[in-house]
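Notes to accompany the following structure.
2 protein chains.
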Amino acid sequence: MELWYTEKHTPNSGLTIKVKQTIYKEKTEYQNLDIIDTEDFGKMMLLDGLVMLSEKDEFVYHEMLAHPSLYTHPDPKKVLIIGGGDGGTLREVVRHPSVEHAVLVEIDGEVIAASKQYFPQVALGFNSNKAKVIVGDGIKYVSQTDDSYDLILIDSTDPVGPAEGLFSPDFYRNCHRILTDDGILTTQSETPFIDSFSRILPQVVANFKTLFPVTSLYLAAIPTYPSGLWSFTMGSKKNCPIKDFQQARFAEDSLKLNYYNDSLHKAAFSLPNFVQEMLR
Amino acid sequence: MELWYTEKHTPNSGLTIKVKQTIYKEKTEYQNLDIIDTEDFGKMMLLDGLVMLSEKDEFVYHEMLAHPSLYTHPDPKKVLIIGGGDGGTLREVVRHPSVEHAVLVEIDGEVIAASKQYFPQVALGFNSNKAKVIVGDGIKYVSQTDDSYDLILIDSTDPVGPAEGLFSPDFYRNCHRILTDDGILTTQSETPFIDSFSRILPQVVANFKTLFPVTSLYLAAIPTYPSGLWSFTMGSKKNCPIKDFQQARFAEDSLKLNYYNDSLHKAAFSLPNFVQEMLR
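Taken in order, these protein sequences are the chains called R and H.
Numbering follows the numbering used here, in which position 62 of the first sequence is assigned residue number 69; successive positions increment by one, without gaps.
Numbering follows the numbering used here, in which position 190 of the second sequence is assigned residue number 197; successive positions increment by one, without gaps.
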């Protein structure tokens, strides 16, 4: 018997993938968590039936959520990750010598446990002594904490279910509040290509613009995400990702990465005309 | 009854799309030609079961095959298109005021006829008085012609079936032969993301390097193509797409485009590390 998993990106199209084996299946307090093994993409984690990550292409998403902001801020010491329970974004953050503390607030502890067990190469960041994990509600955390951060990365699922509040103006305002004077807030902001998703992107950018003098959208290619083209929105209190790119630190750190590099950092902010049009 | 069309990108994964209606179905002398209407991507043309174009995202492929070379060459007057029977690449080429003659050599006349009938917005280029269409074998054409060209664009399907010879060193050598002294040859070169495709890309680049002093790979996001990330290889006898980008002409022409712009021109040549690695 052949098993196929199809993620419908809309009611009318999707990605279909042959499944070698279902590895894990759990209904957590917050969502359905499935782990499957596939021929083409290796092991994949699904939340509520949507691809969260695959072994094959997780490097793109995690590198591109983390490094553009880390190399825009002049000296990021304290980093907060909201969501990202698989640990991939944390893995990228703690690689930076400048980073001293990385706090990850994930609502669903079972995502963390499953990633540690089935995706040890993704969950690597949890082993770092710079890392602190809080299992709890990120929305509540940013509204209550007295800590401040140089950088906040929002590593959320789509804005339905547990992640809905992670796209709200209130949440962004609280993130802005706990950022230092040259702080940066970056979130995944869905794909510009598919209508039901691309309605979200201009809203995120518009919300960021009410808070941050420098708001920039950038793109990366992620095959297992809808349309294969994904967007990220960066709000910065002071530094511009192009003008203030930390070339010297990038060269000095010399991280071994699979997607991100200095040339690509700048290129990612060059937007196709139809995306620029969406932001007008 | 719901009809779904699935293009398997490998035996183990693919894109699945709900079909509103099958519009046209023909076994031509060279291939199976199908046209379907879909909710998400509008009308689509399939050759031997593979997506050739969709109304939704054809602009990316056609703009990105044509404009980077046209704005690298200092004064492209004569352009040859091999394949591209839908007319989309031709449409982009004849938009350029500098272009005086555009010759399209397509082996399958039924592709041209079907595009004119069902994709009039793509087939627009055929109406230009700069355009000349030859229904014939592009491989034979470049091996025999005495004409010379400033620019050759290879707008082929995958290297199986009728397009196989369009990836051969002999064919590239003949293209090089009929290019002017500052001529440019550009071809689509498949996706770097999926193994069965990504074996092709380094071969194309290596072949181009034996012929052209300036060989460059660039990328664009095309949702209906496998992985959503597509590559193009440009071989140039003289001009560098970055250093010699024709900014003044780009500004003067001021073409109304949906994807390509001057900033993106340069950005497209910034390659992710894993793609750079494939070329080593």
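Beta carbons are placed, not taken as given, at the ideal position from N, Cα and C, and that holds for glycine.
{"Query": "For D153 (chain R), the three-state DSSP class (helix, strand or coil)", "Result": "coil"}
{"Query": "Short Cβ contact (7 Å threshold) for D157 (chain R) with P83 (chain R)", "Result": "yes"}
{"Query": "Closest by C-alpha distance to D202 (chain H), when choosing among H:M285, H:L10, H:L97, H:T45", "Result": "H:M285"}
{"Query": "Cβ of D47 (chain H) within 7 Å of any chain R Cβ", "Result": "yes"}
{"Query": "Proximal chain H residues relative to F200 (chain R), where beta-carbon distance stays under 9 Å", "Result": "K63, D64, A228, P230, G235"}
{"Query": "Own chain partners of L57 (chain R) with C-beta closer than 7 Å, once the 5 adjacent residues on each side are dropped", "Result": "E14, T164, D165"}
{"Query": "Cβ distance (whole Å) where L72 (chain R) is taken to contact L160 (chain R) below 8 Å", "Result": "6 Å"}
{"Query": "Identity of the residue in R:G242, R:S175, R:F215 nearest P75 (chain R) by Cα", "Result": "R:G242"}
{"Query": "Cutoff 7 Å: K25 (chain H) Cβ touching any chain R Cβ", "Result": "yes"}
{"Query": "Below-7 Å beta-carbon distance, G95 (chain H) vs any chain R residue", "Result": "no"}
{"Query": "Whether A266 (chain H) touches F66 (chain H) by CB criterion (7 Å)", "Result": "The displayed chain sequence assigns Tyr, not Ala, to residue 266 (chain H). Closer than 7 Å, so yes."}
{"Query": "Meets three-Cβ-pair contact criterion under 8 Å: the segment 104-116 of chain R and the segment 140-155 of chain R", "Result": "yes"}
{"Query": "V212 (chain H) in three-state terms, based on DSSP", "Result": "helix"}
{"Query": "Span of the alpha helix (DSSP H) around K273 (chain R)", "Result": "269-274"}
{"Query": "Whole-Å CB distance - I43 (chain H) paired with Y12 (chain H), under 8 Å assumed", "Result": "6 Å"}
{"Query": "Cutoff 8 Å; reference C247 (chain H); Cβ partners in own chain excluding five residues on either side", "Result": "T79, V221, S223"}
{"Query": "Candidates R:E9, R:K34, R:D47, R:Q28: closest to G21 (chain H) by CA position", "Result": "R:D47"}
{"Query": "Start-to-end residues for the alpha helix (DSSP H) that takes in M285 (chain R)", "Result": "280-285"}
{"Query": "Segments of 4+ residues assigned as alpha helix (DSSP H) that fall wholly inside the segment 23-62 of chain R", "Result": "none"}
{"Query": "Between the CA atoms of Y179 (chain R) and V211 (chain R) - distance to the nearest angstrom", "Result": "9 Å"}
{"Query": "Proximity to Q283 (chain R) [Cα-Cα], best of R:Y225, R:T96, R:K147, R:S175", "Result": "R:Y225"}
{"Query": "Classification of D93 (chain H) by the beta-carbon crowding that lies within 10 angstroms, buried from 16 upward", "Result": "buried"}
{"Query": "Per-residue contacts from A274 (chain R) into chain H (C-beta, under 7 Å)", "Result": "A274, S277"}
{"Query": "Amino acids of chain H, ordered along the chain, whose beta-carbon sits closer than 7 Å to that of S163 (chain R)", "Result": "Within 7 Å Cβ-Cβ: nothing; S163 (chain R) doesn't reach chain H, min ~21 Å."}
{"Query": "V86 (chain R) burial status per 10 Å Cβ neighbour count (16 or more: buried)", "Result": "buried"}
{"Query": "Separation of G91 (chain R) from K250 (chain R), as counted between CA atoms", "Result": "29 Å"}
{"Query": "Straight-line Cα distance separating A258 (chain H) from T96 (chain R)", "Result": "40 Å"}
{"Query": "Within-7 Å CB hit, S261 (chain R) to chain H", "Result": "no"}
{"Query": "Candidates R:T17, R:M8, R:N39, of which the one nearest K27 (chain R) by Cα", "Result": "R:M8"}
{"Query": "Minimum C-alpha distance to P81 (chain H) - residue among H:N280, H:L271, H:Q254", "Result": "H:Q254"}
{"Query": "S196 (chain R) beta carbon less than 7 Å from that of T240 (chain R)", "Result": "yes"}
{"Query": "Reduced DSSP secondary structure (H/G/I, E/B, other) of E197 (chain H)", "Result": "coil"}
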